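*Asks:* Residue numbers 1 to 326, in the UniProt record's numbering, belong to the letters of the sequence shown in order. We treat Cβ as the ideally placed atom computed from N, Cα and C, and that holds for glycine. Bear in mind that the values here come from a model prediction, so they are computed numbers and not experimental data. Please read through the structure below; I'll follow up with questions.
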Amino acid sequence: MDLPKTHLKSAKGQILILFLLVLVVGVAIVLSVASRTITDIRTTTTSDESNRAYFAAEAGIEEALQQLQSGGVVPDAASGGLKTSFPTVNTEAVTADVTPTAGSAVFVYPEDVKKDDVVQVALLEDFLGDVFDPLNLGWSGTNLDFYWSSSSDDSSAETPAVEISVVYYCPGGTCPGFPAGQSFGVSKIAFDPYTTRGPKPNNFCTNVEKAGPYTFPGESKEFYFKATVNVFQGVGNENCNGLKLDATNTKPVLARVRLLYNSTLASPVAVESPAPNPPLPLQGTVLESTGTTSSGVTRKLQVTRLYPALPALFDYVLFSGSTLSK
1 MDLPKTHLKS AKGQILILFL LVLVVGVAIV LSVASRTITD IRTTTTSDES NRAYFAAEAG
61 IEEALQQLQS GGVVPDAASG GLKTSFPTVN TEAVTADVTP TAGSAVFVYP EDVKKDDVVQ
121 VALLEDFLGD VFDPLNLGWS GTNLDFYWSS SSDDSSAETP AVEISVVYYC PGGTCPGFPA
181 GQSFGVSKIA FDPYTTRGPK PNNFCTNVEK AGPYTFPGES KEFYFKATVN VFQGVGNENC
241 NGLKLDATNT KPVLARVRLL YNSTLASPVA VESPAPNPPL PLQGTVLEST GTTSSGVTRK
301 LQVTRLYPAL PALFDYVLFS GSTLSK
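Okay, here's the thing in structure tokens:
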């Protein structure tokens with residue numbers, strides 16, 4: 001029996017449509033797989049290039065730190081920085097540019113500080129120098145502002161207090177408040193935002209400003225407590241003053257800030273030399289290293305290297321009036 005010609009034409013049309021549909025689906029699958037493969041290759045290549053740039057930047061930091069450790073000098077950005085090539089890892093150049101950490105009015109300590117840990121602030125222009133006399137190249141101001149705490153809570157057992165110690169140099173050993181012939185002395189003062197801390201009062205200064213958050217340009221940290229100290233006269237007439245010294249005869253060498261009571265939460269710390277006081281001396285260096293690959297991928301690392309600081313035990317031992325024994 002012969003089929004109608006119209007039915008044959010209809011069947012041929014359906015087969016053609018089905019064939020085209022299968023072809024389109026197949027092409028779509030092939031393109032999807034190809035696109036994913038290209039994306040994977042591109043991602044792998046980018047990740048590999050990124051790792052190379054990162055490792056090169058690390059190498060630049062390590063080389064700069066080694067130079068500083070051995071007493072060398074790393075060229076600053078104006079001098080072209082420190083450039084190192086790593087052709088074996090397809091990296092064109094690594095640069096380490098050195099900038100001062102605190103050649104300004106404010107020094108923000110790079111890490112939060114735990115209970116009983118100490119932040120040291122150099123007040124000499126050449127803190128690592130070997131010559132102590134004359135000491136006329138350091139900070140010549142009178143007042144310092146101290147900032148701390150990332151929380152505004154001033155009535156908790158964890159509310160941090162601060163103990164501030166200032167070490168002075170007395171030329172000739174004839175300064176008011178110093179024992180005869182003693183060239184170095186220390187003045188201590190403490191501040192507690194928690195004015196009713198118990199079970200016994202600690203007799204710390206209570207004139208703590210709480211108008212925070214205090215912030216500084218270029219810094220992400222916030223501070224909620226502030227205390228102003230005249231490094232030669234304490235804080236006025238409060239019963240918590242430290243050693244009275246004659247500003248004309250002594251020279252502050254360094255300031256040390258110890259955190260108290262914050263057993264679980266570390267606290268940010270900053271020190272400011274407010275106007276019209278001069279800026280703080282340098283506190284160390286910031287190393288910024290940029291690793292660059294031949295394809296143009298770059299990665300940057302930043303490391304802060306502060307001047308060496310005396311350990312926290314220094315405040316308990318070397319400031320003691322008694323003799324030392326092993």
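Am I right that aspartate 315 and serine 165 are in contact with their C-beta atoms under 8 Å? What's the rounded C-beta distance?
*Replies:* For the purposes of this step, residue 315 is taken as the residue at position 315 of the sequence shown. For the purposes of this step, residue 165 is taken as the residue at position 165 of the sequence shown. The pair is a contact, with the Cβ atoms about 6 Å apart (cut-off 8 Å).
*Asks:* Helix, strand or coil for alanine 102, going by three-state DSSP, please let me know.
*Replies:* Counting from one through the sequence shown, the residue named residue 102 turns up at place 102. Note that alanine 102 scores a pLDDT of 47, beneath 50, so its modelled location is shaky; the value from the coordinates is reported in the next line. Reduced to three states, the DSSP call for alanine 102 is coil.
*Asks:* Pick helix, strand or coil for arginine 197, following the three-state DSSP scheme.
*Replies:* The residue given as residue 197 occupies position 197 in the sequence shown. Arginine 197: coil per DSSP, three-state reduction.
*Asks:* Grab the span of the beta strand (DSSP E) containing residue 344 for me, first residue to last.
*Replies:* Past the edges of the chain, shown from 1 to 326, lies residue 344, and the structure says nothing about it.
*Asks:* Which residue from Thr293, Thr292, Phe178, Gly284 puts its Cα closest to that of leucine 65?
*Replies:* Residue numbering aside, residue 65 sits at position 65 when the sequence shown is read from its first letter. Selected option, being the one with the closest Cα: Gly284.
*Asks:* Do you know how far the Cα of phenylalanine 178 is from the Cα of lysine 300?
*Replies:* Working through the sequence shown from its first residue, we reach residue 300 at position 300. Working through the sequence shown from its first residue, we reach residue 178 at position 178. The straight-line gap from Cα to Cα measures roughly 50 Å.
*Asks:* Can you tell me whether leucine 310 is buried or exposed? The criterion is at least 16 other CB atoms within 10 Å of its CB, across all chains shown.
*Replies:* As a working note, residue 310 is residue 310 in the sequence shown. Exposed, by the Cβ-count rule.
*Asks:* So the candidates are Gly26, Glu62, Ala211; which of them puts its Cα closest to the Cα of glycine 291?
*Replies:* Position 291 of the sequence shown, counted from the start, is the residue given in the question as residue 291. The candidate whose alpha carbon is nearest that of glycine 291 is Glu62.
*Asks:* Is lysine 251 closer than 8 Å to tyrosine 169 when the C-beta atoms are compared?
*Replies:* Taking the sequence shown and counting its residues from 1, one reaches residue 169 at position 169. Taking the sequence shown and counting its residues from 1, one reaches residue 251 at position 251. Cβ distance < 8 Å, so tyrosine 169 and lysine 251 count as in contact.
*Asks:* Suppose the cutoff is 8 Å on Cβ atoms and the five residues either side in sequence are ignored; what does the same chain contact list for glutamate 222 look like?
*Replies:* Taking the first residue of the sequence shown as 1, we reach residue 222 at position 222. Within the same chain, glutamate 222 has close Cβ partners Ser150, Gly212, Pro213, Tyr214, Thr215, Pro268.
*Asks:* Between the stretch 254-261 and the stretch 101-121, can you find at least three pairs of beta-carbon atoms closer than 8 Å?
*Replies:* Touching, yes, given that three or more Cβ pairs across the two stretches are closer than 8 Å.
*Asks:* Are tryptophan 139 and leucine 280 touching if we call contact CB-CB under 8 Å?
*Replies:* As a working note, residue 139 is residue 139 in the sequence shown. As a working note, residue 280 is residue 280 in the sequence shown. Yes; because the gap between Cβ atoms is below 8 Å, this pair is in contact.
*Asks:* Do the CB positions of lysine 188 and glutamate 209 come within less than 8 Å of each other?
*Replies:* In the sequence shown, counting from the first residue as 1, residue 188 sits at position 188. In the sequence shown, counting from the first residue as 1, residue 209 sits at position 209. Taking 8 Å as the Cβ cut-off, lysine 188 and glutamate 209 do not qualify as a contacting pair.
*Asks:* Evaluate valine 25 with the Cβ neighbour count: other Cβ atoms within 10 Å of its Cβ, from every protein chain shown; 16 or more gives buried, anything less gives exposed.
*Replies:* The sequence position of residue 25 within the sequence shown is 25, counting from 1. With fewer than 16 Cβ atoms within 10 Å of its Cβ, valine 25 is classed as exposed.
*Asks:* Taking only the alpha-carbon atoms, compute the straight-line gap between phenylalanine 146 and valine 303 and give it to the nearest angstrom.
*Replies:* Position 146 of the sequence shown holds residue 146. Position 303 of the sequence shown holds residue 303. When rounded, the distance between both Cα atoms is 24 Å.
*Asks:* Expressed to the nearest angstrom, what Euclidean distance is found between the alpha-carbon atoms of arginine 52 and glycine 60?
*Replies:* For the purposes of this step, residue 52 is taken as residue 52 along the sequence shown, with counting starting at 1. For the purposes of this step, residue 60 is taken as residue 60 along the sequence shown, with counting starting at 1. Going by the C-alpha atoms only, they are around 12 Å apart.
*Asks:* Roughly how many whole angstroms lie between the Cα atoms of threonine 88 and serine 295?
*Replies:* Your numbering for residue 88 matches position 88 in the sequence shown. Your numbering for residue 295 matches position 295 in the sequence shown. With a pLDDT of only 49 at threonine 88, under the threshold of 50, the placement of this residue in the model should not be trusted, and no figure is reported.
*Asks:* When the Cα atoms are used, what is the spatial distance from tryptophan 148 to phenylalanine 184?
*Replies:* Indexing the sequence shown from 1 puts residue 148 at position 148. Indexing the sequence shown from 1 puts residue 184 at position 184. When rounded, the distance between both Cα atoms is 28 Å.
*Asks:* Quick check: does the Cβ of glutamate 163 come within less than 7 Å of any heavy atom belonging to the ligand MN?
*Replies:* The ligand MN is not among the ligands present in this structure, which contains no ligands whatsoever.
*Asks:* Counting C-beta neighbours from all protein chains within 10 Å, is the total for asparagine 203 16 or more, i.e. buried, or is it exposed?
*Replies:* Here residue 203 refers to the residue found at position 203 of the sequence shown. Exposed, since its Cβ has fewer than 16 Cβ neighbours within 10 Å.
*Asks:* In the structure shown, what three-state DSSP assignment does asparagine 51 receive?
*Replies:* Residue numbering aside, residue 51 sits at position 51 when the sequence shown is read from its first letter. Here asparagine 51 sits in helix by DSSP.
*Asks:* If you measure between the beta carbons of alanine 161 and aspartate 192, is that distance less than 8 Å?
*Replies:* Position 161 of the sequence shown, counted from the start, is the residue given in the question as residue 161. Position 192 of the sequence shown, counted from the start, is the residue given in the question as residue 192. Taking 8 Å as the Cβ cut-off, alanine 161 and aspartate 192 qualify as a contacting pair.
*Asks:* Considering only C-alpha positions, which residue in the set Val297, Leu313, Pro308, Ala312 is nearest to serine 50?
*Replies:* Taking the first residue of the sequence shown as 1, we reach residue 50 at position 50. It is Val297.
*Asks:* In whole angstroms, what separates the C-alpha of glutamate 111 from that of glycine 218?
*Replies:* Numbered from its first residue, the sequence shown carries residue 111 at position 111. Numbered from its first residue, the sequence shown carries residue 218 at position 218. About 15 Å.
*Asks:* What three-state label does DSSP hand phenylalanine 178 in the structure shown?
*Replies:* As a working note, residue 178 is residue 178 in the sequence shown. DSSP places phenylalanine 178 in coil when its eight states are reduced to three.
*Asks:* Which of the three DSSP states, helix, strand or coil, is assigned to proline 274?
*Replies:* Within the sequence shown, the letter at position 274 stands for residue 274. Proline 274: coil per DSSP, three-state reduction.
*Asks:* Per DSSP, what kind of secondary structure is serine 294 in: helix, strand or coil?
*Replies:* One-based indexing of the sequence shown puts residue 294 at position 294. Coil.
*Asks:* Between the alpha carbons of asparagine 262 and valine 113, how many angstroms are there, rounded?
*Replies:* Walking along the sequence shown from the start, residue 262 turns up at place 262. Walking along the sequence shown from the start, residue 113 turns up at place 113. Between asparagine 262 and valine 113, the C-alpha separation is close to 9 Å.
*Asks:* Per DSSP, which residues does lysine 300 bridge with? Please list them.
*Replies:* For the purposes of this step, residue 300 is taken as the residue at position 300 of the sequence shown. BP columns for lysine 300 point to Thr290.
*Asks:* Going by beta carbon distance, what residues of the same chain come within less than 7 Å of proline 278, once the five residues before and after it are set aside?
*Replies:* As a first step, residue 278 is located in the sequence shown; it is residue number 278 there, counting from the start. Only Trp139, Ser140, Gly141 meet the Cβ criterion.
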